[in-house]
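Asks: Have a look at the structure that comes next, please.
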Amino acid sequence: MPIFSFGSSLEEVLYLSEEQESSNGAPFVYFYMDMENTLEFDDVSVKSFSKFTPWNSNSNVNFEYGQGSLWAKIDIQNMDENVSDWLIEVPYAPLDEVEFFIVKNNKLKNHFVTGDHVNFDERPIDHHNYLFPITLESKEAATVYFRVKTDGIVKLPMFFYKPWKYAEVNSKYEVSYGIILGILTMLCILSVTTYLPTKDFSYLLYPLPLIAKILFTFSLTGHTFQYLFPSLPQMANIITPLSIALWMLGESLFNLYFLKTRKLSNVAFGINIVGFVFAFATIVTSIFLSYYAAIKLVTAISIPFSLMSLALGFIAYSKGQRIARYYISAWGIYCIGLFVFVGFATGHLPDNFFTEHALDFGDLFLAPLLFVALSKKYAVYREQKNEAIQQMLEMEAKAKEELEYKVVERTAELQEATVELEERKEELETQASQLLLKNEEITSQSEELQSMNDKMTETNVELEQINEEIAAQRDMMEVKNKQLETVTKNLQDSINYAKRIQSNILPPIEEFQRLFKDFFIMYQPKNTVSGDFYWVSENTKENKVILVAADCTGHGVPGAMMSVMGGGFLDKIVNLRGITSPARIIIEMQQNLTNILKGKDSKDGMDLGIIVWDRNNNKVIFAGAHTPLVFVQKGKIYSIKGERLSLGTKIEKLVINEHSISLSTPTSFYLFSDGYQDQFGGEHNRKISSKKLRELILELSNKPMEEQKDAFNTYFHNWKNNDINKPEKQTDDVLLLGVKVEPKGMI
10 MPIFSFGSSL EEVLYLSEEQ ESSNGAPFVY FYMDMENTLE FDDVSVKSFS KFTPWNSNSN
70 VNFEYGQGSL WAKIDIQNMD ENVSDWLIEV PYAPLDEVEF FIVKNNKLKN HFVTGDHVNF
130 DERPIDHHNY LFPITLESKE AATVYFRVKT DGIVKLPMFF YKPWKYAEVN SKYEVSYGII
190 LGILTMLCIL SVTTYLPTKD FSYLLYPLPL IAKILFTFSL TGHTFQYLFP SLPQMANIIT
250 PLSIALWMLG ESLFNLYFLK TRKLSNVAFG INIVGFVFAF ATIVTSIFLS YYAAIKLVTA
310 ISIPFSLMSL ALGFIAYSKG QRIARYYISA WGIYCIGLFV FVGFATGHLP DNFFTEHALD
370 FGDLFLAPLL FVALSKKYAV YREQKNEAIQ QMLEMEAKAK EELEYKVVER TAELQEATVE
430 LEERKEELET QASQLLLKNE EITSQSEELQ SMNDKMTETN VELEQINEEI AAQRDMMEVK
490 NKQLETVTKN LQDSINYAKR IQSNILPPIE EFQRLFKDFF IMYQPKNTVS GDFYWVSENT
550 KENKVILVAA DCTGHGVPGA MMSVMGGGFL DKIVNLRGIT SPARIIIEMQ QNLTNILKGK
610 DSKDGMDLGI IVWDRNNNKV IFAGAHTPLV FVQKGKIYSI KGERLSLGTK IEKLVINEHS
670 ISLSTPTSFY LFSDGYQDQF GGEHNRKISS KKLRELILEL SNKPMEEQKD AFNTYFHNWK
730 NNDINKPEKQ TDDVLLLGVK VEPKGMI
């Protein structure tokens, strides 16, 4: 290879000419790694700086994760007689800082600063890779310097192109990227459209990991920086680990519904939950940790996550899911591609086209194979449905055949029975003749007995009259007892039915688990049914949660009827009309109750307290009618009284005030009826009182909500049963709700 003298040292020179069209600069590169990040261009460009080391390899200059600055230089010379234009391409987008220097005749002629930490429009050429133009006069020599710094893999591929040649090469790469994007986008569209006839939720979840993969792939190529946020350099590094984290979240959701891991086995569901934990953990670290820490963490987690997904396929297959074959094939090929890519990224495998794009190949197999698995799932579902129908038809035919056989058999038995009856009839007629003779003998004897009986009749007349009176009274008592039993049974059946109706209007515990991280419900009716009820709903449009605790007049059946009406009115006001203001809800409830009760002096009424958790604005809003709100924040207890009125009664002017509580820290809220604090018991047979209840709330507020519920129950039971020989009965229906709400940033 020719040698050209630059300064006082002999270094290998890259000779450029029209015949070459393109060249790989790697064999001619000299490098030095500045681990302290202290050197400047003036320090490394002087002749006395002798720390540069030749790369001496055709492969790209690359190092594993590091936080130092890579200095590289290459000597070039134009061998043509004419002026020559060239482009230097660095085709590795995830570089934080890239500085380009060109020196001619020991003078700095040009200098560019670019990279992921610099706005895209400051690049010398608008392209997702780094392109630097060079013009060389006839036989002119130059030295090109690069300073590269990144928190990820340090890689500096360097290629020299004639401008027309680069346009040709670049167009082929862009077409390949377009094909990848087109395939993945087509699969997303097919999945969404397939959901419409099948109504299988897995088809809606399938596009989520694909979209995340598209972001990841094109973040590595630089397309996301170029087209999505060219003026937000800080997003260039975050999007790479974040897209992998979102991909894991999407795959975990897909696995949950596609493989039905909750029903598959406890092990499968546990693996799925670990996948969710990995996903959420990496989402947080991608946003808040440095790129160096985030990319190493997400790379380390993606390997066990992929292996766990593959393990889910084997578990599903072992449980008889035939579609798991395609799932296993998809993840098996993807894991191979992932291991190859990680080996390339960590420097354990050579840098070539296959290793660099191994993950892309894995994605191109993973996505279609998972879609095939989805399609096969629907086909298996139809096949199973047809098999079930066939089995039903076969069972119906078999039952019909058995029925016909039994009819024939039964007909024969009836014919035999008819013959036996005829024979029996003849025997009975013979016996009747004999009995007739006997009867004549008895008649004569009966006449003799009749005379004796006449004498006894007179004696028994009075006794018979007395017996008749006693029998009549006894019959009347039996009739009354039966009527009372019927009424009692009907009444109990009605109460039990009312209890089932009331239980159905109360929100299920799963709804509370979905809306609140920590909560408890203490609900103890005095009788079978209760006049107290609770209600919860979520307005997804406004991102609000509405929680209601209500106490209807009385207890038992009358109170239960009011609670059923109250629940229905809340559904109409909040869920149908979309009203989320607690004061407005109370006003609407008053209007509905007065319309239905229609009594100016009606004794029926309702007390209730409402809190609305505004998750967008990090606050809770309260309004109440004869019901207070107690909450504990930073170890202090606060109480807000409701308005001094009961809904359903005549109110001349209804004014409801709203109270707003800011959620700067985790806060526990408590809503309750008066049943708990009005319970009699204790040493002096007194009420628990609202003061004692607030003291209990403050004392227990630092414990988890479920433990608080147990403590409230225990205290209530002990208070009521203080006197073992004469325990107090429950005074009223008891309702006590507790929820812990955390600020938006802490959830």
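Sequential numbering of the sequence shown, starting at 10, is according to my numbering. Heads up, the beta-carbon is just placed ideally off N, CA and C, and yes, glycines get one too.
1. Look at His-120 and Phe-109 and say whether their C-beta atoms are less than 8 Å apart.
2. Counting pairs of Cβ atoms below 8 Å between the region 727–743 and the region 658–672, do you hit three or more?
3. I'd like the ranges of any alpha helix (DSSP H) spanning at least 4 consecutive residues and lying wholly in the region 541–629.
4. Taking Phe-129 as the reference, which of Ser-54, Asn-114, Tyr-236, Gly-346 has the closest Cα?
5. Do Val-545 and Glu-520 have their C-beta atoms within less than 8 Å of each other?
6. To which residues of the same chain is Lys-158 closer than 6 Å at the C-beta, ignoring the five residues directly before and after it?
7. Skipping 5 residues on each side, what residues in its chain have a beta carbon closer than 8 Å to that of Asn-264?
8. Below 8 Å on the Cβ atoms is my guess for Thr-676 versus Val-750; work out the distance and round it to an integer in Å.
9. Give me the DSSP bridge partner(s) of Val-53.
10. In three-state terms, what does DSSP make of Leu-656?
11. Quick check on the burial criterion: 16 or more other C-beta atoms within 10 angstroms. Buried or exposed for Asp-560?
12. Alpha carbons only, please: which of Ile-97, Lys-464, Ile-85 is nearest the one belonging to Leu-23?
13. Please classify Leu-672: does DSSP put it in a helix, a strand, or coil?
14. Once DSSP output is grouped into helix, strand and coil, what is the label at Ser-503?
15. To the nearest angstrom, how far is it from the Cα of Glu-20 to the Cα of Tyr-154?
16. Starting from Trp-64, follow the beta strand (DSSP E) in both directions and report where the run begins and ends.
17. Determine the direct distance from the alpha carbon of Asp-209 to that of Ile-398, and round the result to whole angstroms.
18. Where does the unbroken beta strand (DSSP E) through Tyr-532 begin, and where does it stop?
19. Given a cut-off of 8 Å on the beta-carbon distance, is the pair Leu-656 and Leu-602 in contact?
20. Looking at Leu-617: is its Cβ nearer than 8 Å to the Cβ of Val-557?
21. Quick check: the region 209–228 against the region 249–260, are at least 3 beta-carbon pairs closer than 8 Å?
22. What did DSSP end up calling Thr-497 once you bin it into helix, strand or coil?
23. When the Cα of Ala-288 is compared with those of Gly-161, Lys-82, Ile-310, Glu-131, which residue comes out closest?
24. Thinking just about the alpha-carbon of each residue, which of Gln-599, Ile-192, Ser-648 is nearest to the one in Phe-380?
25. Alpha carbon to alpha carbon, what distance is there between Asn-246 and Lys-645?
26. At the level of alpha carbons, what is the spacing between Ser-442 and Gln-424?
27. With distances taken Cα to Cα, identify the nearest neighbour of Pro-567 among Leu-606, Phe-578, Ala-592.
28. Would the beta-carbon of Asp-541 fall within 8 Å of that of Asp-742?
29. Taking buried to mean at least 16 other C-beta atoms within 10 Å of its own C-beta, is Gly-651 buried or exposed?
30. Please report how far the alpha carbon of Leu-579 lies from the alpha carbon of Met-598, in whole angstroms.
31. Are the region 320–336 and the region 179–192 touching, with three or more C-beta to C-beta distances below 8 Å?
32. Would you kindly check if the distance between the Cβ of Asn-626 and the Cβ of Pro-752 is under 8 Å?
33. Cα separation between Glu-45 and Gln-76?
34. Taking the DSSP output, what are the residues bridged to Ile-85?
35. For the beta strand (DSSP E) that Val-3 lies in, which residues bound it at each end?
36. Count the CB pairs spanning the region 333–349 and the region 363–373 that are closer than 8 Å, and state whether there are at least three.
Replies: Put simply:
1. Cβ distance < 8 Å, so His-120 and Phe-109 count as in contact.
2. By the Cβ rule, the region 727–743 does not count as touching the region 658–672, because fewer than three pairs are nearer than 8 Å.
3. Here the runs fully enclosed are 565–579, 591–606.
4. Of the listed residues, the one whose Cα sits closest to Phe-129 is Tyr-236.
5. Taking a C-beta distance under 8 Å as the contact criterion, Val-545 and Glu-520 qualify as a contact pair.
6. Counting only residues of its own chain and dropping the five nearest sequence neighbours on each side, Lys-158 has a CB closer than 6 Å to the CB of Ser-78, Asp-105, Glu-106.
7. Only Thr-270, Asn-281, Gly-284, Ser-318, Leu-321 meet the Cβ criterion.
8. That belief holds up - the Cβ atoms of Thr-676 and Val-750 are roughly 6 Å apart, short of 8 Å.
9. According to DSSP, Val-53 shares a beta bridge with no other residue.
10. Three-state DSSP puts Leu-656 in a strand.
11. Looking at its Cβ environment, which holds 16 or more other Cβ atoms inside 10 Å, Asp-560 is buried.
12. Checked all of Ile-97, Lys-464, Ile-85; the closest Cα to Leu-23 is Ile-85.
13. Coil at Leu-672, not helix or strand.
14. Annotation note: pLDDT 49 at Ser-503 (below 50); position unreliable, coordinate value reported separately. Assignment of Ser-503 by DSSP, reduced to helix, strand and coil, places it in the helix class.
15. So the two alpha carbons sit approximately 14 Å from each other.
16. Under the DSSP assignment, Trp-64 falls outside any beta strand (DSSP E); it carries neither an H nor an E label.
17. Rounded to the nearest whole angstrom, the C-alpha separation of Ile-398 and Asp-209 is 21 Å.
18. Segment 527–533, the beta strand (DSSP E) holding Tyr-532.
19. Against a cut-off of 8 Å, the Cβ pair of Leu-602 and Leu-656 comes out as a contact.
20. Taking 8 Å as the Cβ cut-off, Leu-617 and Val-557 qualify as a contacting pair.
21. Three or more Cβ pairs closer than 8 Å define a contact, and the region 249–260 meets that threshold against the region 209–228.
22. Interpretation of Thr-497 is limited by its pLDDT of 45, a score under 50 that renders its predicted location unreliable; the figure taken from the coordinates is listed afterwards. Three-state DSSP puts Thr-497 in a helix.
23. Among Gly-161, Lys-82, Ile-310, Glu-131, the Cα nearest to that of Ala-288 belongs to Ile-310.
24. Considering only alpha carbons, the answer is Ile-192.
25. Lys-645 and Asn-246 have their C-alpha atoms some 43 Å from each other.
26. In this structure, the alpha-carbon of Ser-442 lies about 28 Å from that of Gln-424.
27. Nearest option by C-alpha distance: Leu-606.
28. Yes; because the gap between Cβ atoms is below 8 Å, this pair is in contact.
29. So Gly-651 ends up on the buried side.
30. One C-alpha to the other measures close to 8 Å.
31. The region 320–336, when compared against the region 179–192, does not touch it at the 8 Å Cβ threshold.
32. A distance of 8 Å or more separates the beta carbons of Pro-752 and Asn-626.
33. Rounded to whole angstroms, Glu-45 to Gln-76 spans 9 Å at the Cα level.
34. Leu-23, Ala-151, per the DSSP bridge assignment.
35. Because the chain in this structure spans residues 10 to 756, residue 3 falls outside the shown range and cannot be described.
36. In short, these stretches touch, since the Cβ pair count reaches three.
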